[in-house]
Amino acid sequence: MKKKISLLLVLVLLISILSGCGKAQVESSDKVKSEVESYTLEGIKNKGKIIMGTSADYPPFETHVMVDGVDQIVGFDIELGKYIADELGVELEIKDMDFDKLLGGLSTGMLDIVIAAMNPSPERLEEANFTDIYYESKHTVLIHKDNASNITTLEDLNGKRIGVQLGTTQEKFAASIEGADVLSLTTNPELVMNLKTKKIDCAIMEEFVAKSFAKANDDLIVVEGINIDSGSEGVAIALKKGNNELTEKLNEILADAKAKGLIEKWFVEAFELYND
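Take -1 as the starting number for the sequence shown in the working numbering and just add one per residue.
Next up, the structure:
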């Protein structure tokens, strides 16, 4: 009888040990899965979505519009984000943030990518990974029409009150202008309002952004013939520093989109949408 009881206890103990091992293996597997950083290619596929940061005050790249009474973020960069999500087989989640906060969102892991017409300047390359250039941008000057005779060349910007968006390459350029009084604001609509009320003499913006605001505001015009070197060849997608596998994958997707003529198509459609 004692032998039977002892045998039974041994069997119960053995089953408990085996069950514990199985549970430990499952927990270990779950732990490994959870330890994959959510912003990596594998992490994005695991969670089923890619989180894109943008600053939706920059038409035609990204801006807010009312569609059937509902506020939506639309634009060239948004279409690119949708295409990337589709190619990865995941959902797209968009976070609208102040432009100067976007790279911080990458470093903390809150964002997976940033698509916001961002130039990969040398300073930014120290903070983040960037893909290949997907759009070649130019910068220009937006003014109130009453200033049309006063600002016609780059030299005319000397000593002027110049508005720029905070954290942009335009801000850096404006700081190099002799005698300039630079006003850095969070959003481009704030710059437009300051132009309209003549609190600033001009604003430095991306060429088609400036043209979009000029089209929407009869009292604003783009200064013809002024092209400003942005310090880089164009704009690119930003990722967390060291996120190399996802960077390579996005470069493949961008190359595919360019080969299909989608980049040009999205830009033209976005510009026409905002300027209708």
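Ideal placement from N, C-alpha and C gives every residue a C-beta, glycine not left out. Since the model is a prediction, treat every value here as computed from it, not as a measurement.
Scanning its chain for C-beta atoms nearer than 6 Å, with the 5 sequence neighbours on each side dropped, one finds around L189 the residues G161, L183, A201, in chain order.
Looking only at L78, H62, D144, D130, the smallest Cα-Cα distance to E262 is reached by L78. For E91, DSSP records a beta bridge to I49. Burial is judged here by how many other beta carbons sit within 10 angstroms of a residue's own beta carbon; A214 has fewer than 16 and is exposed.
Counting every other CB atom within 10 Å of its CB across the protein chains shown gives K143 a total below 16, marking it as exposed. Annotated three-state conformation of N145 is helix, per DSSP.
Contact between F97 and I235 is ruled out by a C-beta separation of about 15 Å, above the 8 Å threshold. Around the beta carbon of G73, a 10 Å sphere encloses 16 or more other beta carbons of the protein chains shown; the residue is thus reported as buried. Distances from the CA of L90 to each of L237, I48, T195 were compared; the closest alpha carbon is that of I48. The beta carbons of R159 and I198 sit closer together than 7 Å. One Cα belongs to E231, the other to H62, and the distance between them is close to 27 Å. Cβ atoms of M95 and G103 come within 8 Å of each other, at about 6 Å.
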